[in-house]
Amino acid sequence: MTQTELTTTAAASSAEAPPPVRARRRFSREGVTRLLFVAPAALYLVLFFGYPVVKNITMSLQEYTTKTFFTGEAPWVGLANYQAVLNSNLFWPSMTNTALFTIGSIAGQFIIGLALACYFKRRFPLSNFLRSMLLLPWLLPLIVSSATWRSILEQDSGILNQFLGTFGIEPVPWLTSPAVALIAVVLVNIWVGIPFNVTILYGGLQDIPDELYEAGALDGATGWKAFRHITLPNLKPVISVVLVLGVVYTIKVLDIILGLTNGGPANATQTLSIRSYQESFINFEFGVGAAFSNILILISLVFAVIYLRANRRAVDE
Amino acid sequence: MKNRKFTLAAMTAIAPLALTACGGGGGSASSSGEVESLTVVDYYNNEPDKTLVQEAIDRCATELGVTIERETVPGKDLIQKVLQRASSQTMPDVLMLDNPDVQEIAATGGLSPLSQYDVDTSGFAQGMLEAATYEGEVYGLAPTANTLGIFYNPELLEAAGVEPPTTWDELKTAAEQLTEGDQYGIAFSAIATYEGSWQFLPFMWSNGGEETDLTSPEVAEALALWKGLVDSGSASEAVINWSQADVKDQFVAGKAAMMVNGPWQIPALQENPDVKFASVQIPVNEEGQTSIARLGGEVWTVPVTGDDAKQAKSAEFVECMSNDENQLALAEARYTVPTKTALAEEYVAKVPEMESFTEQVANARSRTGQLGEEWPEAATVIYNAIQLALTGKAEPAEAFEQASAG
């Protein structure tokens, strides 16, 4: 959802920006045409993003339970739902987990993704084939990958522990120890996120002209030096987009955690999105669930604004 | 670049408009004259249950002279589906609900009490009626019920010289003796969902624990039993992630000599002819205590649709689904227990492997009998406490207090 939201907002904002040519304002036919072009996007935004967001905000101010669906009555309770969220013992742990999960996932995805993108920059036999194979995690439904990972990470008979066992490593309680579970979930999410990072970063690398490297090589900038002084600076706009989008995608991850640990063991992998889901669809406290998700939206919004700014700057350049 | 974005935006804008045109247009209810068809929603979306229940539905359709339009949804989506249909005023004429959900939905005023239609509710197991009762009115009938017991592999027990356990002490020793190599003595589900709470209840109740007072020593003792089994290595640490289906898989794979599970797993167990199994009741803490199991099973209800003639017909349908013939047929085919207690003897004669479960059902309690709508909250506290204790984050005695704090 966030993805489409962002692209459409991006599209809408660039649509609204007046074209630099013929800066004189004309409200005549051209203006109307412009409006008509914007209208479908605007209508779409209002219907599919405006309405849910407004509904979610009003819901978080109501006592919205199973009864509401039958009677249509949802009494206003002011900020009581937010109070319930802030007072719940799981709020701060889930905030911390959301932060750790996001930072851990992004760091891993980005570093591995960048390394792989640089690796594939060189052409070698089967490089195209291998690069497209890398997309596999992206193509699998997340429910399938999380179920598969669950059996891989199974403590007694999972193949990961069997493999580690051949090196004499004791079975790791990947999903059963509160101390390890979050790490396991982050590892799986890194695996899921690598294709996205590779694809975007690889695209960015293709745009860096080879002449720069040739010129750099003449001045003695090869290998690591070339990477630091040529690749990184030229890749900067792409990197900032990848990172910010990554944060927005990762902060709301639900299915992977749900499939792997369901927020457990002993609430060790509770995040804001898991809280929101469980309050809404397990405890049927839709108001409290909405309050949790609004907090999440607020956090994503900060990053969305950063993304839009970075994007605008990139376009301006 | 900009042009492409325009096209994209325009395309994404138009797609949903085209899609929304396809919605709606369901069957419209005629509120006068003969009732010719009824709509039914249930969650038996997997074989063999889907077909077996269809047979019972067909029998009732013929008996009542109506055609039935049936929709099956996955179990975990049922309540969401119900809420959606409630808000769009398109409730089915007959709705199947898992028994712990009945009171929650009845409390919304979305179901009609069966007393309105002179449905006979006598002769049903007390626990099942309690589950379907809200504020003194019965809202639904269940043809069959299920419960939990201990399944064991008789070959393994014989080889180890172990008798099927009847008390907690026997359970502990048996589990310990049966643990060797990659085979655990016992498997159970302590997962952080209602399944985990449901598996814990028979141990808690048999020991005198109550969901109204979860911080009592009786409840803590039951938790200490589970923790002991995991700590001593008789059960895997992974139990905190196992659903009941996972537990069954462990048993079938020979990785557990005993398991806590329900008779609905019997068809799956029979698919593996190499796997031998038998069952006993859930053991009690001290001799003399009665093993009290928790009652499972689905209840057929009549939602309020505003069409009186159809609602009356639906009540007849619900009654028919629970008549003697259907109870026995469904119970026999699905390894569940008839809810009319008078049928127990006839049933056990037909399906002897269900004897221990049939006994359990007579004593079984419903999850919601005491707490009603408050049950989901208690169930959450229970599975959270189990998780805290089994992962070593809290002692069994303190786990419930910590979990109740939210």
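So the protein lines, in turn, are chains F and G. When we follow my numbering, the leftmost residue of the first sequence carries the number 479, and every step to the right adds one. When we follow my numbering, the leftmost residue of the second sequence carries the number 54, and every step to the right adds one. Idealized CB from N, CA, C, for every residue including glycine. Note that the structure is predicted; figures quoted are calculated from it, not measured.
is_contact[residue i, chain G] using C-beta, thresh 8 Å
i: Asn559 (chain F); result: no
i: Pro551 (chain F); result: The residue asked about is misnamed: residue 551 (chain F) is Glu in this sequence, not Pro. No - not a single Cβ of chain G is within 8 Å of the one on Glu551 (chain F).
i: Ala501 (chain F); result: With a pLDDT of 49 at Ala501 (chain F), under the threshold of 50, the modelled position of this residue cannot be trusted; read the value that follows with caution. Answer no: the Cβ-Cβ gap between Ala501 (chain F) and chain G never drops below 8 Å.
i: Gly742 (chain F); result: yes
i: Arg790 (chain F); result: no
i: Asn745 (chain F); result: yes
i: Gln684 (chain F); result: no
i: Phe579 (chain F); result: no
i: Glu632 (chain F); result: yes
i: Thr544 (chain F); result: yes
i: Asn761 (chain F); result: yes
i: Asn567 (chain F); result: yes
i: Phe547 (chain F); result: yes
Element boundaries [alpha helix (DSSP H), containing residue i]
i: Val726 (chain F); result: Leu710 to Ile729
i: Gly586 (chain F); result: Phe569 to Lys599
i: Ser754 (chain F); result: Leu750 to Phe759
i: Ala558 (chain F); result: Ala558 to Asn565
i: Val272 (chain G); result: Pro270 to Asp284
i: Ala693 (chain F); result: Asp688 to Leu696
i: Val106 (chain G); result: Asp102 to Leu117
DSSP-derived helix/strand/coil call for residue i
i: Asn376 (chain G); result: coil
i: Met311 (chain G); result: strand
i: Tyr400 (chain G); result: helix
i: Trp295 (chain G); result: coil
i: Glu122 (chain G); result: strand
i: Phe781 (chain F); result: helix
i: Pro391 (chain G); result: strand
i: Met611 (chain F); result: helix
i: Ala517 (chain F); result: helix
i: Gly671 (chain F); result: helix
i: Leu194 (chain G); result: strand
i: Ala74 (chain G); result: Because Ala74 (chain G) sits at a pLDDT of 40, beneath the cut-off of 50, its placement in the model cannot be relied upon, and the following sentence gives the value as read from the coordinates. It is coil, neither helix nor strand.
i: Tyr97 (chain G); result: coil
i: Pro356 (chain G); result: strand
i: Met64 (chain G); result: The predicted model places Met64 (chain G) with a pLDDT of 43, which falls under 50 and marks its position as unreliable, so this point remains unresolved.
i: Asn199 (chain G); result: strand
i: Glu233 (chain G); result: strand
i: Glu339 (chain G); result: coil
i: Leu539 (chain F); result: coil
i: Trp554 (chain F); result: strand
Buried versus exposed call for residue i [16 or more other C-beta atoms within 10 Å across all chains shown]
i: Gln137 (chain G); result: exposed
i: Ala228 (chain G); result: buried
i: Glu108 (chain G); result: exposed
i: Glu264 (chain G); result: buried
i: Gly341 (chain G); result: exposed
i: Val780 (chain F); result: exposed
i: Gly238 (chain G); result: buried
i: Met611 (chain F); result: exposed
i: Pro207 (chain G); result: exposed
i: Ala517 (chain F); result: exposed
Residue range of the beta strand (DSSP E) that includes residue i
i: Phe204 (chain G); result: Gly202 to Tyr205
i: Gly249 (chain G); result: No beta strand (DSSP E) holds Gly249 (chain G); the alpha helix (DSSP H) holding it covers Tyr247 to Ser259.
i: Ala240 (chain G); result: Tyr237 to Ala240
i: Leu604 (chain F); result: Neither: Leu604 (chain F) is in no beta strand (DSSP E) and is coded neither H nor E.
i: Asp151 (chain G); result: Val147 to Asp151
Test: residue i CB closer than 8 Å to a CB of chain F
i: Gly163 (chain G); result: yes
i: Lys446 (chain G); result: yes
i: Ala213 (chain G); result: no
i: Thr433 (chain G); result: yes
i: Asp157 (chain G); result: Reading off the sequence, residue 157 (chain G) comes out as Glu, not Asp. Chain F, which has a Cβ nearer than 8 Å to the Cβ of Glu157 (chain G), makes this yes.
i: Pro429 (chain G); result: yes
i: Thr232 (chain G); result: no
i: Asp34 (chain G); result: Past the boundaries of the shown model lies residue 34 (chain G); chain G is included only from 54 to 459, so the question cannot be answered.
i: Gln440 (chain G); result: yes
i: Ser250 (chain G); result: no
i: Ala74 (chain G); result: With a pLDDT of only 40 at Ala74 (chain G), under the threshold of 50, the placement of this residue in the model should not be trusted, and no figure is reported.
i: Ser289 (chain G); result: yes
i: Thr246 (chain G); result: yes
i: Asn199 (chain G); result: no
Check each residue of the segment 642-666 of chain F: if its Cβ is closer than 7 Å to any Cβ of chain B, include it; give the result in chain order. Protein chains in the displayed structure are F and G, and chain B is not among them.
Taking Cβ-Cβ distances below 7 Å as the criterion, which residues of the segment 291-306 of chain G are in contact with chain F? Residues Ala291, Ile293 and Asn294.
Which residues, in order along the segment 131-157 of chain G, keep a beta-carbon less than 7 Å from a beta-carbon of chain F? Along the segment 131-157 of chain G, going in chain order, the ones with a CB nearer than 7 Å to a CB of chain F are Gln133, Leu136, Ala139, Ser140 and Glu157.
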